[in-house]
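**Student:**
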Amino acid sequence: MQLKNVSLAIEDKPVLRSINLNWAHGEAIALLGANGAGKSSLLKVMSTLLHPSTGKTTMPEGMSLQKWKSKLGVVFPETFLYSSLTGYENLLFYQKLYGKTDNEQIEQVFNQVNLSRVQQERVETYSKGMKQRLAIARAFVHQPTHLLLDEPFDGLDLASKTILERLLKEKNKQGVGYVLVSHDSAHAWDLCDRAVLLHNGKIVLETPCTEKTYRSFMNQYQGWLKEKQHDVF
Numbered sequence: 001m002q003l004k005n006v007s008l009a010i011e012d013k014p015v016l017r018s019i020n021l022n023w024a025h026g027e028a029i030a031l032l033g034a035n036g037a038g039k040s041s042l043l044k045v046m047s048t049l050l051h052p053s054t055g056k057t058t059m060p061e062g063m064s065l066q067k068w069k070s071k072l073g074v075v076f077p078e079t080f081l082y083s084s085l086t087g088y089e090n091l092l093f094y095q096k097l098y099g100k101t102d103n104e105q106i107e108q109v110f111n112q113v114n115l116s117r118v119q120q121e122r123v124e125t126y127s128k129g130m131k132q133r134l135a136i137a138r139a140f141v142h143q144p145t146h147l148l149l150d151e152p153f154d155g156l157d158l159a160s161k162t163i164l165e166r167l168l169k170e171k172n173k174q175g176v177g178y179v180l181v182s183h184d185s186a187h188a189w190d191l192c193d194r195a196v197l198l199h200n201g202k203i204v205l206e207t208p209c210t211e212k213t214y215r216s217f218m219n220q221y222q223g224w225l226k227e228k229q230h231d232v233f
């Protein structure tokens, strides 16, 4: 996917400014930045939930917009779950939205997120962490090739975080790419190939995620954070 000179304004307020970003097939990108930097808005533009005010978004080669949507899995702060339905009914519903009915795949993702024992219980009885794991299962149930993940580890205990880490690494080895938003820079660094830093709606830094580049990246990141704090106060 390619974004070229993409800008976004909401109610005349600039949110994204001249974003240029290439997302290669199978690439894992850490999208980092302070609160309000525009990370969630950028993911929503990439998902086509928001349309940019200016600029161009190009789907991966050979993909129509409809095809892109069918190959995309998203985890946003909104779980998009139906609390009156069971966990199983939620995944079946979303699978059918993508034109699929595959009970074996549903069982597999329930096992992957460790929710098999509660799949026939209503989502309204789930804890916050269980709902988050089900939202992750929802994103995987149609076997997407691209993932947009906005703080997917939020609300997860240590065991559940380990489950998701393992799942992301397995999927990435299979060629599934993802863009990961996380407030934990070190954690995201370990899970991604490249880091992109957003500041005030602009990409201000990009670098490969290696041991050698981490300290330099974080020093510059801290500098941008101090600048933001100075602007506030």
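Letter by letter, the sequence shown follows residues 1 to 233 in the UniProt record's numbering. All C-beta atoms in this analysis are idealised placements derived from N, C-alpha and C, irrespective of residue type, glycine included. These numbers were taken from a predicted model, which means no experiment stands behind them.
Note down, one range per segment and in chain order, each alpha helix (DSSP H) of at least 4 residues found wholly within the region 157–228.
**Tutor:** The region 157–228 contains these whole alpha helix (DSSP H) runs: 158–173, 185–191.
**Student:** Which runs of the beta strand (DSSP E) at least 3 residues long sit entirely within the region 124–151? Give them in chain order.
**Tutor:** Listed in chain order, the complete beta strand (DSSP E) runs (minimum 3 residues) inside the region 124–151 are 146–150.
**Student:** Take Trp189 and list the residues in its own chain whose beta-carbon comes closer than 7 Å to its own, dropping the five residues that flank it on each side.
**Tutor:** Cβ neighbours of Trp189 beyond the five flanking positions: Ala30, Ala195, Cys209, Tyr214.
**Student:** Is DSSP giving Lys4 helix, strand or coil here?
**Tutor:** Looking at Lys4 - three-state DSSP - the assignment turns out to be strand.
**Student:** Using C-beta distances below 6 Å, list every residue in its chain close to Ser185, excluding the 5 sequence neighbours before and after it, in chain order.
**Tutor:** Leu32, listed in sequence order.
**Student:** Going by C-alpha to C-alpha distance, which of Phe217, Asn200, Gln220, Ser216 sits closest to Ala37?
**Tutor:** Of the listed residues, the one whose Cα sits closest to Ala37 is Asn200.
**Student:** What would DSSP say about Ser18, mapped onto helix, strand or coil?
**Tutor:** It is a strand residue.
**Student:** Do Gln132 and Thr86 come within 9 Å of each other at the CB atom, strictly closer than that value?
**Tutor:** Going by C-beta atoms, Thr86 is not nearer than 9 Å to Gln132.
**Student:** In terms of residue numbering, what span does the beta strand (DSSP E) encompassing Lys56 cover?
**Tutor:** Taken as a continuous stretch (DSSP letters only), the beta strand (DSSP E) holding Lys56 covers 54–58.
**Student:** So what's Val113 in DSSP terms, helix, strand or just coil?
**Tutor:** Of the three classes helix, strand and coil, the one that applies to Val113 here is coil, per DSSP.
**Student:** If you draw a straight line from the C-alpha of Arg17 to the C-alpha of Leu205, how long is it?
**Tutor:** When rounded, the distance between both Cα atoms is 14 Å.
**Student:** Counting beta carbon pairs with one atom in the region 155–163 and one in the region 128–142, are three or more of them shorter than 8 Å?
**Tutor:** Taking 8 Å as the limit for Cβ pairs, the verdict is that the region 155–163 does touch the region 128–142.
**Student:** If you run the structure through DSSP and keep just helix, strand and coil, what is Lys13?
**Tutor:** Strand, per DSSP.
**Student:** Just the Cα atoms here: how many angstroms apart are Ser47 and Lys212?
**Tutor:** Each residue's alpha carbon lies about 32 Å from the other.
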